[in-house]
Every structure is written in C-alpha cells, then in structure tokens.
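Structure, as structure tokens:
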Amino acid sequence: MQIDWLTVAAQIVNFLVLVWLLKHFLYGPVTRAMARREERIAERVQSAREREEAAERERERLHERMDHLEDRRDAVLEQAREEADGEKQRLLEEARADVDDKREQWRQQLRDEQDAFLKQLRRQTAEGFAALARKALSDLADVRLEDRMFDTLDKQLAGLDDDERQQFRNARELVVSTSFALEDDRRGRLRDLIQQHLGDGTKPDFEQDKALVCGIALTADGRRLAWSLADYLDGFERKLTAHLDQRQRESADTESETDTDTERGKEAATS
Amino acid sequence: MTISPDQIVLWQWGWLHINATLAYTWLIMLLLTLGSWLVTRRLSTGPEISRWQNLLEVVVTGLRDQIRDVSRQEPGPYLPFVGTLFVFIATSNLLTIVPWYLPPTGSLSTTTALALCVLTAVPLYGVLKRGAVGYLRHYVQPTPLMLPFNLIGELSRTVALAVRLYGNIMSGTVIVGILISLTPFLFPIVMQLLGLLTGMIQAYIFAVLAMVYIASASSAHRQSDEGLGSRGEENGSD
Chain H
1 MQIDWLTVAA
11 QIVNFLVLVW
21 LLKHFLYGPV
31 TRAMARREER
41 IAERVQSARE
51 REEAAERERE
61 RLHERMDHLE
71 DRRDAVLEQA
81 REEADGEKQR
91 LLEEARADVD
101 DKREQWRQQL
111 RDEQDAFLKQ
121 LRRQTAEGFA
131 ALARKALSDL
141 ADVRLEDRMF
151 DTLDKQLAGL
161 DDDERQQFRN
171 ARELVVSTSF
181 ALEDDRRGRL
191 RDLIQQHLGD
201 GTKPDFEQDK
211 ALVCGIALTA
221 DGRRLAWSLA
231 DYLDGFERKL
241 TAHLDQRQRE
251 SADTESETDT
261 DTERGKEAAT
271 S
Chain Y
272 MTISPDQIVL
282 WQWGWLHINA
292 TLAYTWLIML
302 LLTLGSWLVT
312 RRLSTGPEIS
322 RWQNLLEVVV
332 TGLRDQIRDV
342 SRQEPGPYLP
352 FVGTLFVFIA
362 TSNLLTIVPW
372 YLPPTGSLST
382 TTALALCVLT
392 AVPLYGVLKR
402 GAVGYLRHYV
412 QPTPLMLPFN
422 LIGELSRTVA
432 LAVRLYGNIM
442 SGTVIVGILI
452 SLTPFLFPIV
462 MQLLGLLTGM
472 IQAYIFAVLA
482 MVYIASASSA
492 HRQSDEGLGS
502 RGEENGSD
C-alpha cells in the first residue's frame, strides 16, 4: 500500500481531463443525437397522428358522401321504378286499348261481313226461292190459275164498300197489271168483270208486270187491289230476314260474353 | 513481483517522473476519446444508425437509466462525472486481457485520486444544488453532536472507495501473477476471466456508490428543507 502523491495529483488531473473529453466527445453528441431522434420520432408520430386524423376525417366525409349517394340512388331507383311502372301501365293500357280497337274493328268487320253475307244470303235465298216459286207457279200458271186470279179479283172488287168503289170509279187512270200476258179474250173478260163492278164507263188499261211474279193487280190513283205471289214472297222474305237477324243477335251476344270472360282472365293474369 | 504499476517508472527528471500508471491512463484516455470522436463525428439522427453508435447509445442510455434509478433525478448534471468514473474504471479493468497491460486501477494512487474526486464532487454537487448553507447544515443533523461522526463517515467511505477498488483489482493481478508461477496453464485464464467479471462489478460499484453519495447528500438536503418548510407552514398556520 503505497501512495505516490504525484501520481495521485496527475490522475486527478487526468480524470478531470477525461471527464471533459468524454463530455465533449461522447455524452454530449450522443445525448443530443438521441434527443434529436426522439424529437424526430415525436414529430413523425405527431405527423402520423395528424395524417391519421385527416384520413379519419376524409373517411368520414367519404362515408357521408357514400351514404348520401346511396340514399340518392335509392330515391332515383324508386323514382325510376315508379316511372317504369307508370310507363308499363300506360303501355299495357295502350296495348289493351289497341287490342280492343283491333278486336272491335275485327268484330265490326266480321259483323259487316256477316251482315253483307246474310244480306246477300237473304237476297239470294229470297231470289232463289222466288225464282223457284215463280218458276213453279209459272209452270202451274195455266188457264185455271188465271181464272182463279180473276175470281180473286172479282171477290175483292165485290168486297169493296161504296166509297172505295167510288174512288176507283173516279180514278183518272185504271191499270190492270198481270204477271202474264193476257190474250184478247181474257182481256175482254177481265174488262167485263171490272165494268160489272165499277160501271160500264171504266176503261182499264192492261200491262204486264213481271214483278208480280204470279198475280194480278188493279191500280187506280194510288189505290190498289191485288193478289200476288210476290206479296207472299215478300212476307216470307221478311220472316226469313227477321229470323236470321234474331239468330245473328243471339250469336253476337254469346260472343261478347266469351270476350268478357277472356278479358277478366287477362286482367287476373296481369295483376 | 510488481504489485503496483506506480513502481514502473518510465521517465524521470528530478522529482518529476512518469510511471506505468500514468502511461496506461493516458492510453485509456486516448482510446476512449479517439473511439468516441470517431463514432460521434458522424452521428445519425434517423432510424438507421451504425453499430458503434448503437453501442455508445446503449452505454449512455444505460448510464442515464442507472443514474436516474439511483438518484431519482434527471441524470443530465451527473452523467459526465459518474459516467466517466464507470467508463474509465471499466475500460481500465477490461484491458487486463491484453498481455503486459497493468490496470491503472490496480494502483492505490489512481483509486485514491478517483476517491478524492468523489469526495470533492459530493459537496460540490450538494452546494450547487442547494447552496453552501443548505449543504453544510446536514453535517449537524439531527444534532450538532453528530458533526464529528458525519465528518468521519465522509472520510472513511472515501477511503473505503479507494481501497475497495484498489484491493479488488490489485488482488486480481496479484492472483494471476502468482497462479502463472504455480500453474502456468489454463487456471490463470479462468482467474483472468473471473478478473474481468470482478473488474466490471467494481466499476459498477464505484460509479453507483459515487452516485449514491452525491444523491443522498442532495436528497437529504431536500428532505430536511422540505421538513423545515412544512414545519414553518405549520407554525405559520398556528
């Protein structure tokens, strides 16, 4: 245990110098560097926090915008759906109306065609039947039939009351129409018959009228006494026409009922 | 056998001489200063740092943490003194693995010098912290009768500091020297490794004790001041 006081003094100085040197070269720079690093880290953390906050704000902003857009999209979609529904309804109604028009047109056309056909049928039937009857009656119209016609006219004239008879007598023109040609003797006999009922002064004219089909008519100033198969034929034709019209109406009613049922079925399918 | 490097005189001029203790001390100073300068001239403040800077930062951060733990104060003012104590003693002791090196801490002169520095630093820090009166008051606490004991305690712990370090390091050197003469193979190496451990522990003990003395002085002042203050407040309130 030996202490060299010179060495002690020198070591004290050495130590103090070393303290100064290390403070200058070690502790100071390293401490400052660490402090600076901590500052920079703190700055980075701060800036990262700020960026995070900014990002959070941005995220919230975008979120709000997205919500807004979604709401708007829903509204637009709803509006579009309503418009589409309206448009669809309109188009359906248009199409329905169009179909109704077409059907009505078609039905009208059908009715027209049916009417025309029935009219033609009626006409042809009547004509055919009249022609048939006319031919049959013409074939049968021999002398005896003509005599029967004369008898009929005789009865009709006999059945006239005085006023009517007077009107016939006073007629300026008295025409006897027959469906067949009259020979002279028959014409004379007919004249005698008329004069017998209306007086000797009467001078009937004679003419042939095919329209009577088979018959005889006495016409005086709009008054007429007649017996003709054409009248029967006309009556028959009227009855036939009336019958056909009735059948047509019945078929039309049945058809409209079927249409109503079909439309109900369509509406049920649409709804 | 050489017990102390003081006895190896390298240069002498009259009463002035330079021995191995001083020479090795200067070598250590040169090493530490040069190493620090080389590393700290290019310090990085970014996240990428060099290995050497990392090493120095670990050392400095460790010292600061230790000082903070012991003193419960900010380590800034104490770091140069206490840190240099630790770094110098630790380096001095660690270099014993170098052949023909003799640690300056194995010289009682060096440890005495360091202990004297601590002896001076304790009142210096106390006075700087709390003022001369504040510091000196603790020598007469709790009663003026304690003054001689306080003074003896102050001196004896300084002597203890010096002798503890000197004894440990010198004994390590001596043991290795003796063992080399007895069992020249293997065993001295084990003892030398043990010496490294002892050297580090002694450096730590010396630095921490110095810090404890400094901190206890300043904290004792603070406690006594706070005690006086609170008492004064109580009186005032009465």
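Residue numbers (our numbering), protein chains in the order written: chain H, 1 to 271; chain Y, 272 to 509.
All C-beta atoms, glycine included, are put in the ideal place defined by N, C-alpha and C.
With distance defined between alpha-carbon atoms, name the residue in the options nearest to residue i.
| i | options | result |
| --- | --- | --- |
| Leu145 (chain H) | H:Ser47, H:Ala220, H:Glu83, H:Leu182 | H:Leu182 |
| Tyr396 (chain Y) | Y:Leu327, Y:Ser489, Y:Asp277 | Y:Ser489 |
| Pro370 (chain Y) | Y:Val358, Y:Ile472, Y:Gln463 | Y:Gln463 |
| Thr316 (chain Y) | H:Val13, H:Pro29, H:Ile3 | H:Pro29 |
| Gln344 (chain Y) | Y:Thr376, Y:Lys400, Y:Met417, Y:Met300 | Y:Lys400 |
| Asp200 (chain H) | H:Leu190, H:Glu257, H:Gly235 | H:Leu190 |
| Asp161 (chain H) | H:Leu225, H:Arg44, H:Ala84 | H:Leu225 |
| Arg37 (chain H) | Y:Trp308, Y:Pro318, Y:Leu385, Y:Tyr484 | Y:Pro318 |
| Asp234 (chain H) | H:Gln79, H:Arg249, H:Cys214 | H:Cys214 |
| Trp286 (chain Y) | H:Leu240, H:Leu6, H:Asp85 | H:Leu6 |
| Ile216 (chain H) | H:Leu198, H:Glu237, H:Arg187 | H:Arg187 |
| Gln246 (chain H) | H:His197, H:Pro204, H:Leu118 | H:Leu118 |
| Arg322 (chain Y) | Y:His288, Y:Ser307, Y:Leu334 | Y:Ser307 |
| Thr178 (chain H) | H:Ala80, H:His197, H:Leu153 | H:Leu153 |
Distance cutoff 8 Å, beta carbons only. Does residue i sit that close to anything in chain Y?
| i | result |
| --- | --- |
| Ala10 (chain H) | yes |
| Gln2 (chain H) | yes |
| Arg49 (chain H) | no |
| Asn14 (chain H) | yes |
| Val17 (chain H) | yes |
| Val30 (chain H) | yes |
| Ala33 (chain H) | yes |
| Arg36 (chain H) | yes |
| Leu21 (chain H) | yes |
| Leu77 (chain H) | no |
Please state if the CB of residue j and the CB of residue i are separated by a distance shorter than 8 Å.
| i | j | result |
| --- | --- | --- |
| Met482 (chain Y) | Val329 (chain Y) | no |
| Val479 (chain Y) | Gln337 (chain Y) | yes |
| Phe168 (chain H) | Leu174 (chain H) | yes |
| Thr292 (chain Y) | Ser380 (chain Y) | yes |
| Leu18 (chain H) | Thr355 (chain Y) | yes |
| Asp209 (chain H) | Ala171 (chain H) | no |
| Thr362 (chain Y) | Leu302 (chain Y) | yes |
| Gln11 (chain H) | Ala294 (chain Y) | no |
| Gln473 (chain Y) | Ile360 (chain Y) | yes |
| Thr367 (chain Y) | Gly466 (chain Y) | yes |
| Asn364 (chain Y) | Met471 (chain Y) | yes |
| Tyr406 (chain Y) | Leu422 (chain Y) | no |
| Thr332 (chain Y) | Leu26 (chain H) | no |
| Thr429 (chain Y) | Ala386 (chain Y) | yes |
| Tyr484 (chain Y) | Phe357 (chain Y) | no |
| Arg339 (chain Y) | Pro348 (chain Y) | no |
| Leu218 (chain H) | Val176 (chain H) | yes |
Do we get a CB-CB distance below 8 Å when we pair residue i with the residues of chain H?
| i | result |
| --- | --- |
| Leu373 (chain Y) | no |
| Asp496 (chain Y) | For Asp496 (chain Y), the pLDDT reaches just 47, beneath the cut-off of 50, and the residue's location in the model is therefore unreliable, although a value from the coordinates is still provided. Cβ-Cβ to chain H under 8 Å: no for Asp496 (chain Y). |
| Asp509 (chain Y) | Below a pLDDT of 50, predicted positions are generally treated as unreliable, and Asp509 (chain Y), at 33, falls in that range; the measurement from the model is reported next regardless. Taking Cβ atoms only, chain H never reaches closer than 8 Å to Asp509 (chain Y), which makes this a no. |
| Arg493 (chain Y) | Reliability fails at Arg493 (chain Y), whose pLDDT of 47 lies under 50, so the model's placement of it is uncertain and the value that follows must be treated cautiously. False, the Cβ-Cβ gap to chain H never drops below 8 Å. |
| Asp239 (chain Y) | Residue 239 (chain Y) lies beyond the stretch modelled for chain Y, which goes from 272 to 509, so this question has no answer here. |
| Ala384 (chain Y) | yes |
| Asn290 (chain Y) | yes |
| Gly285 (chain Y) | no |
| Met300 (chain Y) | yes |
| Val447 (chain Y) | no |
| Glu258 (chain Y) | Residue 258 (chain Y) is absent from the model: chain Y starts at 272 and stops at 509. |
| Val483 (chain Y) | no |
| Val358 (chain Y) | yes |
| Phe352 (chain Y) | yes |
| Leu314 (chain Y) | yes |
| Thr563 (chain Y) | What the structure shows of chain Y is the stretch from 272 to 509, and residue 563 (chain Y) is not part of that stretch, so it cannot be assessed. |
Would residue i be called buried (16 or more neighbouring beta carbons within 10 Å of its own) or exposed?
| i | result |
| --- | --- |
| Pro374 (chain Y) | buried |
| Ser508 (chain Y) | Confidence at Ser508 (chain Y) is low in this model, with a pLDDT of 34, below 50, so the placement of that residue is unreliable and no value is reported for it. |
| Thr254 (chain H) | exposed |
| Leu212 (chain H) | buried |
| Asn290 (chain Y) | buried |
| Thr391 (chain Y) | exposed |
| Thr414 (chain Y) | exposed |
| Ala158 (chain H) | exposed |
| Ser251 (chain H) | exposed |
| Arg49 (chain H) | exposed |
| Phe352 (chain Y) | buried |
| Thr454 (chain Y) | exposed |
Which ranges does the alpha helix (DSSP H) cover as unbroken runs of at least 4 residues, wholly within the segment 441–482 of chain Y, from first to last along the chain?
If only complete runs of 4 or more residues are kept, the segment 441–482 of chain Y shows no alpha helix (DSSP H) anywhere.
Any chance you could list the alpha helix (DSSP H) runs of at least 4 consecutive residues sitting entirely within the segment 165–233 of chain H, in chain order?
Segments of the alpha helix (DSSP H) lying fully in the segment 165–233 of chain H: 184–198.
Could I get the ranges of all uninterrupted beta strand (DSSP E) runs contained in the segment 278–333 of chain Y, with 3 residues as the minimum, in chain order?
Complete beta strand (DSSP E) runs here, min 3: 280–284, 287–290.
Note down, one range per segment and in chain order, each alpha helix (DSSP H) of at least 4 residues found wholly within the segment 371–427 of chain Y.
DSSP runs (the alpha helix (DSSP H)) wholly in the segment 371–427 of chain Y: 379–401, 403–408.
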